[in-house]
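The next block holds one structure in the form of structure tokens; read it before the comments.
2 protein chains.
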Amino acid sequence: MRECALILANGLFDSVFAKTTHGLLRGPSRYTILGVIDPNHAGQDAGRILDGQHRDIPVFHSIAEALRLTSVRPTHCVVGVATVGGALPDALRTELLAAASAGLTLVNGLHYLLSDDPEISEQATAGIIDLRKPRRASELTFWTGEILSVRSPRVAVLGMDCAIGKRTTAMLLRTALRAQGISAEMIYTGQTGWLQGLRHGFIFDSTLNDFVSGELERAILACASEMNPDVILLEGQSGLRNPAGPAGSEFICSARAAGVILQHAPTRSHFEDFEYLACPLPPLSEEIELIRLLGSQVWAISLFTRGLDDTQSSQIAEELEACHGLPVVRPLEDGVGRLAATVREKLFS
Amino acid sequence: MRECALILANGLFDSVFAKTTHGLLRGPSRYTILGVIDPNHAGQDAGRILDGQHRDIPVFHSIAEALRLTSVRPTHCVVGVATVGGALPDALRTELLAAASAGLTLVNGLHYLLSDDPEISEQATAGIIDLRKPRRASELTFWTGEILSVRSPRVAVLGMDCAIGKRTTAMLLRTALRAQGISAEMIYTGQTGWLQGLRHGFIFDSTLNDFVSGELERAILACASEMNPDVILLEGQSGLRNPAGPAGSEFICSARAAGVILQHAPTRSHFEDFEYLACPLPPLSEEIELIRLLGSQVWAISLFTRGLDDTQSSQIAEELEACHGLPVVRPLEDGVGRLAATVREKLFS
Numbered sequence: 002m003r004e005c006a007l008i009l010a011n012g013l014f015d016s017v018f019a020k021t022t023h024g025l026l027r028g029p030s031r032y033t034i035l036g037v038i039d040p041n042h043a044g045q046d047a048g049r050i051l052d053g054q055h056r057d058i059p060v061f062h063s064i065a066e067a068l069r070l071t072s073v074r075p076t077h078c079v080v081g082v083a084t085v086g087g088a089l090p091d092a093l094r095t096e097l098l099a100a101a102s103a104g105l106t107l108v109n110g111l112h113y114l115l116s117d118d119p120e121i122s123e124q125a126t127a128g129i130i131d132l133r134k135p136r137r138a139s140e141l142t143f144w145t146g147e148i149l150s151v152r153s154p155r156v157a158v159l160g161m162d163c164a165i166g167k168r169t170t171a172m173l174l175r176t177a178l179r180a181q182g183i184s185a186e187m188i189y190t191g192q193t194g195w196l197q198g199l200r201h202g203f204i205f206d207s208t209l210n211d212f213v214s215g216e217l218e219r220a221i222l223a224c225a226s227e228m229n230p231d232v233i234l235l236e237g238q239s240g241l242r243n244p245a246g247p248a249g250s251e252f253i254c255s256a257r258a259a260g261v262i263l264q265h266a267p268t269r270s271h272f273e274d275f276e277y278l279a280c281p282l283p284p285l286s287e288e289i290e291l292i293r294l295l296g297s298q299v300w301a302i303s304l305f306t307r308g309l310d311d312t313q314s315s316q317i318a319e320e321l322e323a324c325h326g327l328p329v330v331r332p333l334e335d336g337v338g339r340l341a342a343t344v345r346e347k348l349f350s
Numbered sequence: 002m003r004e005c006a007l008i009l010a011n012g013l014f015d016s017v018f019a020k021t022t023h024g025l026l027r028g029p030s031r032y033t034i035l036g037v038i039d040p041n042h043a044g045q046d047a048g049r050i051l052d053g054q055h056r057d058i059p060v061f062h063s064i065a066e067a068l069r070l071t072s073v074r075p076t077h078c079v080v081g082v083a084t085v086g087g088a089l090p091d092a093l094r095t096e097l098l099a100a101a102s103a104g105l106t107l108v109n110g111l112h113y114l115l116s117d118d119p120e121i122s123e124q125a126t127a128g129i130i131d132l133r134k135p136r137r138a139s140e141l142t143f144w145t146g147e148i149l150s151v152r153s154p155r156v157a158v159l160g161m162d163c164a165i166g167k168r169t170t171a172m173l174l175r176t177a178l179r180a181q182g183i184s185a186e187m188i189y190t191g192q193t194g195w196l197q198g199l200r201h202g203f204i205f206d207s208t209l210n211d212f213v214s215g216e217l218e219r220a221i222l223a224c225a226s227e228m229n230p231d232v233i234l235l236e237g238q239s240g241l242r243n244p245a246g247p248a249g250s251e252f253i254c255s256a257r258a259a260g261v262i263l264q265h266a267p268t269r270s271h272f273e274d275f276e277y278l279a280c281p282l283p284p285l286s287e288e289i290e291l292i293r294l295l296g297s298q299v300w301a302i303s304l305f306t307r308g309l310d311d312t313q314s315s316q317i318a319e320e321l322e323a324c325h326g327l328p329v330v331r332p333l334e335d336g337v338g339r340l341a342a343t344v345r346e347k348l349f350s
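So the sequence lines, in the order shown, correspond to chains A and B. To convert, count from 1 in the first sequence and add 1; that's our numbering. To convert, count from 1 in the second sequence and add 1; that's our numbering.
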């Protein structure tokens, strides 16, 4: 029997903080999703709030209400929100305790480890999966250079910033490539990728810094040797110049990505969560040049269009395409057929 | 009474793997150094092997021999070598056990934690200091942006690669600036900086990736608020395009370094430890441009001259200076007076 889960999105469902929830609703998901918990949207359909598409997944006020109203018994309770620095908000704690005492396994992607919380871990008799629990140096792999002999080419989905749609685009691109007869695999680098059932990857941001490149290489080597795919997509993290934690060069310098799909939010002026700082997002043209100097190439730009209507985002896409001479796509509006075609052309023509 | 230490450099003293040993011999050091252990050079003076300068610090064959021959009793035994991935070689284990059972406190900067080794930790009744013991997420700080209000300007000493003299140049520059009446402080980012007695910093490579920028910011904020220095020097790590672990953008994007001193090894063709890979060191001119795009500026180039004679390195310095239009210095041959003058001119003229 497939495992069934409730997702906690307490009060944050309609924000970028709930990107784990959004990813699981869009699918795929390791668990069958029975419902989302968020008092702000209780009684509505979760899909409608996400993107207007009914998905027959209700939003509940609380774990207690969900347990009362769902006909199938959930087995897991997934924390579906991220928080700055990964702490545990009080509203979440209350619901986690309710889920734990109802016998659900807790699945948590915050830096805050539930297994270290005496109250929660005592209640969670069915178990805790702390996805971001750091592994020790002795369990981690240093980079070796073996990646240079991997024949499956890598394509990285990087972004100008956090929470800008990198994983979503990569997941959609995997599906589109497969539909075109290309065997595409994807390396996850965040907890959501694992929750979506991806087999190869690691949690980038809770890895000891010295081993990030080695763990990335290890995941790619395992994927290549088990699946021998035509292409391996890499889920990027953060942005090359994100002051809160610049990242991305690992995908180019260590994983030797042949090309990059660059995720961009045209109306975002500042780095996510730092709108109050005198620290604006740098221009797209500089990012393209930076990626070239690091040793790869931007093959296409993919837009995060939240807050824009269809006409606006379509016009911006056209303008950017003319300006940069690269395909510019809107994955959620138009799909990623054009991205898949670009990847095919670059790699196989 | 000052603490006295023996340094273990077993068989590696004359290599870049012993850069911790080299740093402690050059000074400053948290401990008075009584001797170095390396059977390959036993009986010689450690300073002579380092750079030809007698320092009255003997090299011993073993801990046992050192304990027999030193008149002052050592209190600490410091692991003075780094190893790829940070494992513990057998030769070191034997000497560490000898030091532990003689009642010395073990000080270790490897990823391999001595406190996790049952045999060693049982013997080490005087204690173990594992410098690279990772801290938990709950003990770490996320980046906040408070750095933007720090008035002491930052200057980063970055490098084209690992083991290329970044820390040495930064330490010398601190001394030179102070001699010119500039209050200069330095943030350490590796275990050697701590061993040299620096007060502010953290161990970059054993920090969970998500918190590297925050810990760097925290160290700078603490230094600025306690010392209010004219300038804060930042010890860089790795290189921007080192495939085994690219790093450096944190110092520019997160720590907002106003300028960069770029450490360069003119005759090194490949990244350290990866000479066998088809992965050459990129050209200096690209690195300078990369640093500009990341948001800072190379102010001067500093040479790692190992393997070159005086005439060769002097000629290379001249050529590079003409080519890049930047001051190019040889810190160990000529001192860093010119670097100090450049920093003064850029910041205070």
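Beta carbons: idealized from backbone N, C-alpha and C, even for Gly.
| Asked | Found |
| --- | --- |
| Contact set between A/T208 and chain B, taken where Cβ atoms lie within less than 8 Å | L209, N210 |
| Proximity below 8 Å, CB of A/S255 to CB of A/S214 | yes |
| Cβ shell of B/L199 (< 7 Å), same chain only, five flanking positions each side left out | M187, Y189 |
| Contact residues within the stretch 272-286 of chain A, judged by C-beta distance below 7 Å to chain B | F275, L278, A279, C280 |
| Short Cβ contact (8 Å threshold) for A/V79 with A/L9 | yes |
| Residues bridged to A/T33 [DSSP beta-bridge criterion] | A/C5 |
| Proximal residues of chain A, C-beta to C-beta of B/V108 below 9 Å | Result: empty, since nearest Cβ-Cβ is about 17 Å, beyond 9 Å. |
| Three CB pairs or more closer than 8 Å across the stretch 261-268 of chain A and the stretch 155-163 of chain A | yes |
| The stretch 103-132 of chain B: positions lying closer than 8 Å to chain A by Cβ | H112, Y113, L114, D117 |
| Residue-chain proximity (A/L295, chain B), Cβ-Cβ < 8 Å | yes |
| Partner residues on chain B for A/S214, Cβ-Cβ distance less than 8 Å | P244, A245, G246, P247 |
| At least three beta-carbon pairs within less than 8 Å, the stretch 131-140 of chain B to the stretch 112-123 of chain B | yes |
| Contact between the stretch 10-29 of chain B and the stretch 42-58 of chain B (3+ Cβ pairs under 8 Å) | yes |
| CB-CB length for B/Q197 against B/M228, believed under 8 Å | The Cβ separation is near 17 Å, so there is no contact. |
| Span of the alpha helix (DSSP H) around B/A177 | 167-180 |
| Three CB pairs or more closer than 8 Å across the stretch 232-241 of chain A and the stretch 175-187 of chain A | yes |
| Distance between beta carbons of A/P154 and A/L340, contact taken as under 8 Å | Contact doesn't hold; Cβ gap of about 15 Å is too wide. |
| One or two residues paired with A/A301 in a DSSP bridge | A/I262 |
| Own chain residues within Cβ distance below 6 Å of B/T33, not counting five before or after | R3, C5 |
| Cα-Cα separation between B/R31 and B/W195, rounded to whole angstroms | 8 Å |
| heavy atom of the ligand GDP below 7 Å from B/N11 C-beta | The ligand GDP is absent from the structure shown, which contains no ligands of any kind. |
| Test: B/A138 CB closer than 8 Å to a CB of chain A | yes |
| Alpha helix (DSSP H) segment containing A/A103, residue limits | Looking at the DSSP string, A/A103 is not in any alpha helix (DSSP H), and its letter there is neither H nor E. |
| Beta-carbon neighbours of B/P230, restricted to chain A and to distances below 9 Å | By Cβ distance, chain A contributes nothing, its closest Cβ being about 22 Å from B/P230, past 9 Å. |
| Within 8 Å, strictly: CB atoms of A/I292 and A/H325 | no |
| Amino acids of chain B, ordered along the chain, whose beta-carbon sits closer than 7 Å to that of A/F205 | N210 |
| Chain B residues whose Cβ lies nearer than 7 Å to that of A/P267 | Result: empty, since nearest Cβ-Cβ is about 20 Å, beyond 7 Å. |
| A/G146 beta carbon less than 8 Å from that of B/C280 | yes |
| Contact between the stretch 95-114 of chain B and the stretch 92-112 of chain A (3+ Cβ pairs under 8 Å) | no |
| Between the CA atoms of A/D310 and A/D335 - distance to the nearest angstrom | 13 Å |
| Residue ranges of each alpha helix (DSSP H) within the stretch 51-134 of chain B, 4 or longer | 64-70, 91-102, 119-124 |
| Sub-8 Å separation of B/L149 and B/R257 beta-carbons | yes |
| Span separating the alpha-carbon of A/F143 from that of A/A248 | 18 Å |
| 3 or more residues per run - each beta strand (DSSP E) lying fully within the stretch 262-339 of chain A | 299-304 |
| B/R27 burial status per 10 Å Cβ neighbour count (16 or more: buried) | buried |
| Whole-angstrom distance between A/G296 and B/T306, CA atom to CA atom | 27 Å |
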